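Undergrad: Below you'll find the structure I mean.
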Amino acid sequence: MPQVCTPADCQRLMERFAQRGLLRAAGDERTRIDIGTSLGNLGGDQEAFLADAEETHALFATLFAGLLDPVQLLYRHLQALASNKEVKTARERDGHLYGPAIFRIHYETHAYSPHIDHVVLREKRFNYEVARFTHQFAGVLCVQNADSAGPGVQAVLHRCLWTEEIQPYIAEGSFHEYAAAHGVAHCEVALEPGDLYFFNTRCIHEVPAVQGDDPRVVLAVFIGYAEDDDEIYVWS
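Residue 221 in this note's numbering sits at position 210 of the sequence shown, with consecutive numbering throughout.
Structure follows, in C-alpha cells:
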C-alpha cells in the first residue's frame, strides 16, 4: 500500500523520537532499538511481558500528540482489508493487553537471516491467547530508510512456506543453498517512507543489513487470523 501517510508525517515522527531521547545517543553502539514491547523478546515471562506492554500503552498515549497516529493508521488499513472481522489489540482472557505495535530502529550492519515468525511454530508459546490463531501475518510501515536517496529494501520474501523438513536448513544457515537447489523464487520489498505492506510470517523471509548513515525505522505488528474466528488480534 503506497503512501498511506506522507514522508513529512514520518519525518515528524522521527523528530518526536529525537525529542523524547528514544534514538541512539553518541557513544551508543547498539544496532537495534525497540520502541514498544516485543512478545518474542519478553514472552518467556508473561507477567513481565504484560507489565511492559502496559508501559508501552502509556508511552503511545502521549508520543503521537499533535501528530498522525501511525498505530491507529495501520489498524484502520487492516480493518479495511478484513471488514467482516473485528480488528483489536491482542489480549489475554483476563483483559491484559499486549503491546499494540512496535517501532524497530536498526542501525548499520543489523540484519536478520532467513527465518519465520510464529508464536506456535517457532516460539512454542502455547500459554498465550494468540496461540489460538491458525495464521500469523505481519504489517510493516516504513518510517525511514537508511539511505534517504531512494527506496530501501525492507525485506526479502522467499516463495516458500515453513515446514519441519525445511527447518534444518534454516537452523544450519544453509537456506540460501536449499533455495538455489530447489528453484525457490524470492522478491525484494522496497519501500519509501509512508508505504505499508502485509505478509504471511510463515513465509520464509530475511532482512538485509542496514547500509547508510541513518537508521532504518519501521512500525511493525503481528496479526493473528483464523477463518472461523470473528476477531483479528494485533500485537508486537
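Think of the CB as a built atom: it goes at the ideal place given N, C-alpha and C, for glycine as much as any other residue.
For clarity, every value in this text was computed on a predicted model and none was experimentally measured.
Should arginine 87 go down as buried or exposed, given a rule of 16 or more other Cβ atoms within 10 Å for buried?
TA: Exposed, since its Cβ has fewer than 16 Cβ neighbours within 10 Å.
Undergrad: Counting along the chain, where does the alpha helix (DSSP H) carrying glutamate 58 start and finish?
TA: Element bounds for glutamate 58: 57 to 74.
Undergrad: I need the boundaries of the beta strand (DSSP E) containing isoleucine 234, first residue and last residue.
TA: Residues 227 to 236.
Undergrad: Do three or more CB pairs link the segment 195 to 203 to the segment 162 to 172 at distances below 8 Å?
TA: Cβ pair count under 8 Å is three or more, so yes.
Undergrad: Tell me whether histidine 216 is buried or exposed, calling it buried when 16 or more other Cβ atoms sit within 10 Å of its Cβ.
TA: Result: buried.
Undergrad: Let me make sure I understand the geometry here. Which of Asn211, Ala93, His107, Leu84 has the alpha-carbon closest to that of aspartate 20?
TA: Ranking the options by Cα distance to aspartate 20, first place goes to Leu84.
Undergrad: Tell whether a beta-carbon distance below 8 Å holds between threonine 48 and glycine 106.
TA: Not closer than 8 Å, so no.
Undergrad: In whole angstroms, what separates the C-alpha of arginine 31 from that of phenylalanine 71?
TA: Computed Cα separation, rounded: 12 Å.
Undergrad: Report the start-end ranges of each beta strand (DSSP E) in the segment 118 to 196 that is 3 residues or longer and not cut off at the edges.
TA: The segment 118 to 196 contains these whole beta strand (DSSP E) runs: 123 to 126, 146 to 155, 163 to 172.
Undergrad: Figure out for me which residue from Glu134, Arg43, Ala101, Thr145 has the closest Cα to the Cα of valine 218.
TA: Selected option, being the one with the closest Cα: Arg43.
Undergrad: From alanine 122 to valine 221, what distance separates their C-alpha atoms?
TA: Cα to Cα, alanine 122 sits roughly 7 Å from valine 221.
Undergrad: CB-CB under 8 Å to threonine 212, same chain, minus the five flanking residues each way: which ones, in chain order?
TA: Same-chain partners within the cutoff: Ile127, Asp128, His129, Gln147, Phe148, Ala149, Phe233.
Undergrad: List the endpoints of the continuous alpha helix (DSSP H) containing valine 3.
TA: Residue numbering for the chain in the displayed model covers 12 to 247; residue 3 lies beyond these limits and cannot be assessed.
Undergrad: Does DSSP put cysteine 21 in a helix, a strand or coil?
TA: Cysteine 21: helix per DSSP, three-state reduction.
Undergrad: When you compare only the Cα positions, how much space is there between leucine 74 and alanine 191?
TA: Cα to Cα, leucine 74 sits roughly 45 Å from alanine 191.
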